[in-house]
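Asks:
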Amino acid sequence: MKKNDAIIDLATQIIENEASAIMGLKALLDDDFQKTVDLILESRGNLVFSGIGKSAIIAQKIVATMNSTGTTAVFMHAADAIHGDLGIVREGDIIVILSKSGETPEIKMLVPLIKLRGNKIVAIVGNRQSYLASQADYVLDVTVDEEAIPGSLAPTSSTTAQLVMGDALALILMRCRGFSTDDFAKFHPGGALGKQLYLRVKDLYVKNERPEVGLNDNLTQVIIEMTGKRLGATVVTENEQIKGIITDGDLRRMLMKYPNIEQVKAAQIMTSNPKTIEEEALVVDALHKMRENSITQLPVVHNGKYLGIIHLHDILKEGIF
6 MKKNDAIIDL
16 ATQIIENEAS
26 AIMGLKALLD
36 DDFQKTVDLI
46 LESRGNLVFS
56 GIGKSAIIAQ
66 KIVATMNSTG
76 TTAVFMHAAD
86 AIHGDLGIVR
96 EGDIIVILSK
106 SGETPEIKML
116 VPLIKLRGNK
126 IVAIVGNRQS
136 YLASQADYVL
146 DVTVDEEAIP
156 GSLAPTSSTT
166 AQLVMGDALA
176 LILMRCRGFS
186 TDDFAKFHPG
196 GALGKQLYLR
206 VKDLYVKNER
216 PEVGLNDNLT
226 QVIIEMTGKR
236 LGATVVTENE
246 QIKGIITDGD
256 LRRMLMKYPN
266 IEQVKAAQIM
276 TSNPKTIEEE
286 ALVVDALHKM
296 RENSITQLPV
306 VHNGKYLGII
316 HLHDILKEGI
326 F
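With my numbering applied, the sequence shown has no gaps in its numbers, which climb one by one up to 326 at the end.
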């Protein structure tokens with residue numbers, strides 16, 4: 006077997022092993038998951054996630070997911086917690102502790118301190134018989150039979166299982182809270198994903214010129230308008246209503262159809278009843294319409310009145326693909 010084949014085969018086996026570990030979580034779901042969801046929904050406090058080592062890193066990722074989907078969460082490293090950071094915890098907060106073994110010294114020191122304060126503990130743990138599991142109010146079991154490579158000391162399938170359980174919890178809470186795409190956009194205003202949810206056509210087309218000719222304007226006027234406004238097209242109007250659009254492609258086809266171009270009028274070469282987009286529409290909807298119709302410009306309208314043009318380049322500049 007070639008070396009490259011062996012590498013691909015091993016990578017495939019690792020992915021299959023991790024996928025199998027994730028699918029095994031279905032059998033581990035029990036009433037504690039439902040009770041944890043109810044506990045969080047009824048709580049007036051925050052979710053405080055904690056862990057040590059790789060579990061701490063997974064906890065931070067789950068915190069990020071929670072905060073972006075409508076559930077307030079903070080991270081407290083288990084080692085730092087027993088050296089002062091326990092001050093993060095307030096009355097009514099729910100403490101979620103992640104651990105594969107549930108037996109690490111830092112966890113064993115932290116749990117009694119939390120219980121002394123009266124806070125509820127949810128354990129996302131890979132060992133049902135562990136100290137952590139026995140002390141927690143609710144247990145989300147993420148036990149895996151083995152890591153991605155049998156005998157491996159590095160946590161792989163076990164941390165993936167923790168992450169997936171955290172995702173399931175976060176997304177169910179999101180659904181229960183009725184967290185909408187508009188809410189998501191408010192939390193993600195800077196990225197391309199957020200822009201897909203809030204950026205509207207009216208935010209972009211106003212930055213462009215407004216090319217426009219009449220039905221009876223001649224070819225020279227059409228070319229001057231298209232060249233001056235630099236959008237590769239001009240809209241043809243009558244009484245502020247769109248009658249058609251002329252693009253660079255229409256001009257090329259016109260040269261093949263009309264030998265005597267001096268007599269050509271805009272109405273003869275325009276594409277009638279072009280696709281349009283409302284100014285209040287989302288930019289991502291304009292992009293979809295462009296893709297569906299293999300076009301790069303869309304006239305923008307409001308109540309049928311021509312306002313301007315949004316170009317594919319405008320959308321791509323915003324990082325929306």
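Idealized CB from N, CA, C, for every residue including glycine.
1) May I have the straight-line CA-CA distance separating R49 from S163, to the nearest angstrom?
2) Can you pull the DSSP bridge partners for S219?
3) Identify whether D98 lies in helix, strand or coil by the three-state DSSP scheme.
4) Would L292 and I320 be called neighbours here (beta carbons separated by less than 7 Å)?
5) Which of the three DSSP states, helix, strand or coil, is assigned to P304?
6) Take A86 as the anchor and find which of E108, F54 and K322 has the nearest alpha-carbon.
7) Compute the Euclidean distance between the alpha carbons of E214 and T41, then round it to the nearest angstrom.
8) Give the secondary structure of D146 by DSSP, where H, G and I count as helix, E and B as strand, and everything else as coil.
9) Do the CB positions of R205 and E283 come within less than 7 Å of each other?
10) Between the beta-carbon of V305 and the beta-carbon of A271, is there less than 7 Å?
11) Using CA coordinates, which residue listed in K105, V289 and Y143 is at the minimum distance from L209?
12) If you draw a straight line from the alpha carbon of T281 to that of L303, how long is it in whole angstroms?
13) Output the distance between the C-alpha atoms of D14 and S157, rounded to the nearest integer angstrom.
14) Quick one: Cα of D37 to Cα of D10, how far?
15) Within the continuous alpha helix (DSSP H) that includes V42, where are the two ends?
16) Nearest to F184 by alpha carbon, out of L121, H318, A78 and M71?
17) To the nearest angstrom, how far is the alpha carbon of D172 from that of G309?
18) Assuming E21 and T165 form a contact by the criterion Cβ under 8 Å, report the distance between their Cβ atoms to the nearest whole angstrom.
19) Could you tell me which residues DSSP puts in a beta bridge with V79?
20) Could you pull the start and end residues of the alpha helix (DSSP H) that K212 belongs to?
21) Report yes if the C-beta distance between L115 and G56 is below 7 Å; otherwise report no.
22) Whole angstroms is fine: what's the gap from M81's alpha carbon to I19's?
23) Only counting the same chain, and skipping five residues up and downstream in sequence, which positions put a Cβ closer than 8 Å to that of D35?
24) Evaluate contact between the region 222-236 and the region 258-271, counting only Cβ atoms and requiring at least three cross-stretch pairs below 8 Å.
25) Give the single residue among I247, A238 and G233 whose Cα lies nearest to the Cα of H316.
26) Leaving aside the five residues before and after A159 along the sequence, list all residues of the same chain whose C-beta is less than 6 Å from its C-beta, in chain order.
27) Put H293 into one of helix, strand or coil per three-state DSSP.
28) At the level of alpha carbons, what is the spacing between V211 and L312?
29) Measuring alpha carbon to alpha carbon, tell me which of R133, I119 and T301 ends up nearest G92.
30) Roughly how many angstroms separate the alpha carbons of Q167 and L287, rounded to a whole number?
31) Pull the bridge partners of I314 from the DSSP assignment, please.
Replies: Considering the structure as presented:
1) 31 Å
2) The residue you asked about is not Ser; residue 219 is Gly in the sequence shown. Looking at the DSSP assignment, G219 forms a beta bridge with T242.
3) coil
4) yes
5) strand
6) F54
7) Taking the straight line joining both Cα atoms gives about 56 Å.
8) strand
9) Note that the C-beta distance between R205 and E283 is not below 7 Å.
10) no
11) V289
12) 5 Å
13) Taking C-alpha positions only, D14 is separated from S157 by approximately 17 Å.
14) 44 Å
15) D36 to E47
16) M71
17) 45 Å
18) The C-beta distance from E21 to T165 rounds to 13 Å, too long to meet the 8 Å contact threshold.
19) V53
20) Where K212 is concerned, there is no enclosing alpha helix (DSSP H), given that its DSSP letter is neither H nor E.
21) no
22) Rounded to whole angstroms, the gap between the alpha carbons of M81 and I19 is 31 Å.
23) D146
24) At 8 Å Cβ cutoff, the stretches touch.
25) A238
26) none
27) helix
28) 9 Å
29) Of the candidates R133, I119 and T301, the one whose C-alpha sits nearest the C-alpha of G92 is I119.
30) 36 Å
31) P304
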